[in-house]
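Each remark here refers to the structure printed beneath this line.
In the UniProt record's numbering, the protein residues as written are 1 to 556.
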């Protein structure tokens, strides 16, 4: 990297700026001196640092050795130990992430005890009104770890096949079989935990028969079908590894439509020898289709309350974001109780034609397992969704906190409308950032000078916990140093997500985007950590990252 950088202001004048190299902040220098002997940190010193300062009680000498090995290719490495620059590069490196990357939650509880990474209209490439339907958004979602895929099933124009499209709009269709094959080929690349396909079914019974055959032939033994029509409890994610589940509203059928046992005769067959195969398919279509369904969807019959809990069978209920919001005003505790055994899916309201999203926290605080999002765009709420599901190794399943699963002494469930005292204070210190000069053109942010970066840090969580704060801009620096600490009181840290966003200051108020990430607060690793940033669409930058420190101060 050159030590100087010039920006052309006019034909005859250039502004020259000295490029600053990343240097350890004062806290890092003091920390190094605390653990170093004779100017270097040995493997034993590094192990002690991991245990005592970084809050890793199980850190071994092998862990410390792995860090040493990762730095051997650098000119700054010395065999006898790490000096300050090597220690600094480790802290800013990939072996010092802000959260653990392995599955570590209990995966043997019923599905209802987990939040599931859930897509909405998973086949759409863009807006809800006129964009194309395609397998590519489905593939992209699965590769991100999404575990619930939604397909809208409609008859094709000839009424002899099944296509996927957003009904009542100008969206183009895609064949169902292509979607099923895309799911089969990509379901378990990012995660081995089960994929649920939710069908929005607009088909006559003869086409339901075709769907049943298509699904069975495509997925084979990967398809999970319960042995009985109704189950008292959902299976666990662990028991369903690498399995596909179908969830939809069961179709109605008459007793006469049940498949006939082999060896029996039907007088109608003798009377109507010329009945064709299509009529026979129609007769048996609904039960064949119904047997596919692992998770039954729908509201209770007989005028029962939608939050009615059936003691002998579980189900999935779907509500729009607006319907959920209305229900939470008076039925908060009932919703939480319902979601302790049953599944609740929340989907964007119909007016979100631009495929925008909504605040997922309302659903999560009421135990909704399937908070369905449009995955094809970007924005604050999708970043928060991605942050939540970075937890538990990014497997697409996050165990609900215990308070959403427990009942009180009087058999009452948690009421999200009741105030909760502060449980802990999260201390976040933003030291510095680097990598923009490598990942962006030098005039990307400003034609005439280096960028003026500032950081916005905050909490997405329950209303009392939600806030954003920011540093001051650092002028004309590709490697800005802020050294700014923030304190966030948290009443429900179990559901909170840390938001981090870098902006490049502009006097017009329209600040340029410089990167973002969201981190699951229950899984934050304490101590000083390297925090990689992502672009608007959630793709990780190659070099851009922040050096930050995290500590929890639990209330007495």
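Don't be surprised by glycine CBs; every beta carbon is placed ideally from N, CA and C.
This one's a predicted model, so the numbers in the text were calculated from it and none came from an experiment.
Might you give, ordered along the chain, the residues of its own chain that have their beta carbon closer than 7 Å to the beta carbon of residue i, omitting 5 neighbours on each side?
i, result
"residue 141", "119, 122, 149, 375"
"residue 39", "83"
"residue 188", "242"
"residue 456", "468, 470, 501, 503"
"residue 430", "455, 457, 471, 482, 484, 546, 548"
"residue 566", "With the chain covering only 1 through 556, there is no way to say anything about residue 566."
Looking only at DSSP bridge pairs, what is residue i linked to?
i, result
"residue 427", "487, 551"
"residue 286", "In the DSSP output, where bridge partners are listed per residue, residue 286 has none listed."
"residue 296", "248"
"residue 155", "162"
"residue 347", "320"
"residue 232", "According to DSSP, which records beta bridges pairwise, residue 232 is partnered with nothing at all."
"residue 118", "148, 372"
"residue 459", "467, 498"
"residue 532", "545"
"residue 214", "Bridge partners of residue 214: none, in fact."
"residue 512", "504"
"residue 433", "546"
"residue 200", "152"
"residue 41", "82"
"residue 540", "534"
Mind checking whether residue i and residue j have CB atoms under 8 Å apart?
i, j, result
"residue 216", "residue 180", "no"
"residue 396", "residue 145", "yes"
"residue 499", "residue 468", "yes"
"residue 93", "residue 530", "yes"
"residue 128", "residue 337", "no"
"residue 611", "residue 432", "No statement about residue 611 is possible, as the shown extent of the chain runs from 1 to 556 and does not include it."
"residue 100", "residue 523", "yes"
"residue 422", "residue 495", "no"
"residue 195", "residue 147", "yes"
"residue 293", "residue 246", "yes"
"residue 512", "residue 445", "yes"
"residue 520", "residue 361", "no"
"residue 492", "residue 420", "yes"
"residue 250", "residue 290", "yes"
"residue 497", "residue 384", "yes"
"residue 125", "residue 198", "no"
Helix, strand or coil, according to DSSP, for residue i in the structure here?
i, result
"residue 369", "coil"
"residue 472", "coil"
"residue 247", "strand"
"residue 146", "coil"
"residue 134", "coil"
"residue 31", "helix"
"residue 337", "helix"
"residue 171", "coil"
"residue 263", "Because residue 263 carries a pLDDT of 37, less than 50, the predicted location of this residue cannot be relied on, and the following value inherits that uncertainty. Correct three-state label for residue 263: coil."
"residue 84", "helix"
"residue 192", "coil"
"residue 503", "strand"
"residue 482", "strand"
"residue 176", "helix"
"residue 52", "helix"
"residue 404", "helix"
"residue 527", "strand"
"residue 520", "strand"
"residue 561", "The structure shown does not extend to residue 561, since the chain is modelled only from 1 to 556, so the question has no answer here."
"residue 72", "coil"
"residue 560", "A question about residue 560 goes unanswered here, because the residues of the chain that appear run from 1 up to 556."
"residue 352", "coil"
"residue 445", "coil"
"residue 109", "coil"
"residue 304", "coil"
Grab me the residues of residue i's own chain with a C-beta within less than 6 Å of its C-beta, minus the 5 sequence neighbours each way, in chain order.
i, result
"residue 172", "132, 133"
"residue 551", "427, 526"
"residue 367", "336, 339, 404"
"residue 554", "424"
"residue 200", "152"
Could you tell me whether any non-hydrogen atom of the ligand PLP is closer than 7 Å to the CB of residue i?
i, result
"residue 483", "Only the bare structure without any ligand can be found here, which leaves the ligand PLP out of the picture."
Here's a check: name, in chain order, each residue in its chain whose Cβ is nearer than 8 Å to the Cβ of residue i, leaving out the five neighbours to either side.
i, result
"residue 102", "393"
"residue 378", "536, 537, 538"
"residue 59", "47, 50, 51"
"residue 98", "519, 524, 525, 529, 530, 531, 548, 550"
"residue 130", "169, 170, 171"
"residue 236", "107, 108, 109, 110, 111"
"residue 277", "Only weak support is given to the placement of residue 277: the predicted model assigns it a pLDDT of 46, under 50, and the value that follows is read from those uncertain coordinates. Excluding sequence neighbours, residue 277 sits near nothing in its chain."
"residue 90", "67, 70, 71, 82, 96"
"residue 20", "477, 478, 479"
Runs of beta strand (DSSP E) wholly within the stretch 308-332 (minimum 3 residues, chain order): The stretch 308-332 is shown to contain whole beta strand (DSSP E) runs of 3 or more residues at 316-320, in chain order.
Hey, which unbroken runs of the beta strand (DSSP E) at 3 residues or more fall wholly within the stretch 370-402? Qualifying beta strand (DSSP E) stretches, in chain order: 370-373, 397-399.
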